[in-house]
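Residues in the sequence shown are numbered consecutively from 1287, following the numbering used here. What follows is a short report on a single structure.
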Amino acid sequence: MSAVRRLAAALLVGAALLGTTAAAAPEDADAPAPTEAGTSFRTATVIRPGQQATAQASTGDYLYWQFPADAGQGARVDATVELPAADARHGESTWQLDVYDGLRRRQACRYGMQTRTAAADAATVKLSCTLRTVRADAEPWSNDPLPGAYYVRLTTLHTASADAGLPVQAAVTATTTDAGSAQDVDGSLAAPLVQGSAARPEPDGGWSSGWWSARWLWTAAGAALAALAGIAGYRATAGRGRPSHLPPSA
1287 MSAVRRLAAA
1297 LLVGAALLGT
1307 TAAAAPEDAD
1317 APAPTEAGTS
1327 FRTATVIRPG
1337 QQATAQASTG
1347 DYLYWQFPAD
1357 AGQGARVDAT
1367 VELPAADARH
1377 GESTWQLDVY
1387 DGLRRRQACR
1397 YGMQTRTAAA
1407 DAATVKLSCT
1417 LRTVRADAEP
1427 WSNDPLPGAY
1437 YVRLTTLHTA
1447 SADAGLPVQA
1457 AVTATTTDAG
1467 SAQDVDGSLA
1477 APLVQGSAAR
1487 PEPDGGWSSG
1497 WWSARWLWTA
1507 AGAALAALAG
1517 IAGYRATAGR
1527 GRPSHLPPSA
């Protein structure tokens, strides 16, 4: 029985280790961070996950960035806007951070404050949006986030008319993390959704194939454990056969 237990434990540990998605490769520290933003989906500036992009703009502008998110990843976007000097403004302003997938479907935020109003004397306004886990495949009606490019749009929804055009400084960071094998699903897209813009972002190491997931490992481990449990149960209940001291005719 001890050998069976050791083998079962080894299978579980092996499945857990293999099922954990490999950590993302470190970003290239020498690549410069973008210092401008696009003005539409097609001209959205590409940023790498973990990289802070900055842009100088005017109050009322629409600023666009894009970043890649693969199946099994969670994504979070943080934005900070440095507002004009308080003595130059005439009232409060409301800012909004929106995230769209490769089909330009606006994605709901699980956490974060994506719309905030800055007081007339505020120096900065901070916004954030944490998306749902990116799925390898989904029903067309579900609006689930799918692998591909994700677009970030930052703009002001409301401001005093006299403040339109005042200079602002924006900083945006998109981070992606592996959600783990519990989020794996069967099926995959034929290709990541990156056709919506002139630039095509790609994760470090390329896009995952989609057909392989840790669910295969857990299924194999479950089948092996079931077989071991059957063998152990049989050995525990079968006994040792006919006692040697009994005559054959007994």
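Each residue gets a CB set at the ideal place from its N, CA and C atoms; glycine is no exception. Computed from a predicted model, the values in this text were never measured in an experiment.
Asked                                                                                                                                                             : Found
On a CA-only basis, which of Tyr1436, Val1458, Ala1515 is nearest Pro1489? Give me that one, please.                                                              : Tyr1436
If we ignore side chains and look at the alpha-carbon of each, how far apart do Leu1383 and Gly1516 end up?                                                       : 55 Å
Determine, using beta carbons only, whether Thr1416 and Cys1395 come nearer to each other than 8 Å.                                                               : yes
Span of the beta strand (DSSP E) holding His1444?                                                                                                                 : 1434-1444
Here's a check: name, in chain order, each residue in its chain whose Cβ is nearer than 7 Å to the Cβ of Met1399, leaving out the five neighbours to either side. : Leu1413, Ser1414
Mind checking whether the beta-carbon of Ala1512 lies closer than 7 Å to any heavy atom of the ligand ATP?                                                        : The ligand ATP is not part of the structure shown, which contains no ligands of any sort.
Please say whether Trp1351 and Ala1330 have beta carbons closer to each other than 8 Å?                                                                           : yes
For my contact list, Ser1379 and Thr1345 are in at a C-beta cut-off of 8 Å; report their separation, rounded to the angstrom.                                     : 7 Å
On the DSSP letters alone, give me the boundaries of the beta strand (DSSP E) that Ala1456 sits inside.                                                           : 1453-1464
Using the rule of at least 16 other Cβ atoms within 10 Å of the residue's Cβ for burial, across every protein chain shown, is Pro1453 buried or exposed?          : exposed
For Leu1443, count neighbouring Cβ atoms within 10 angstroms of its own Cβ and tell me buried if that reaches 16, exposed if not.                                 : exposed
With a threshold of 16 other CB atoms inside 10 Å of the CB of Arg1390, please say whether the residue is buried or exposed.                                      : exposed
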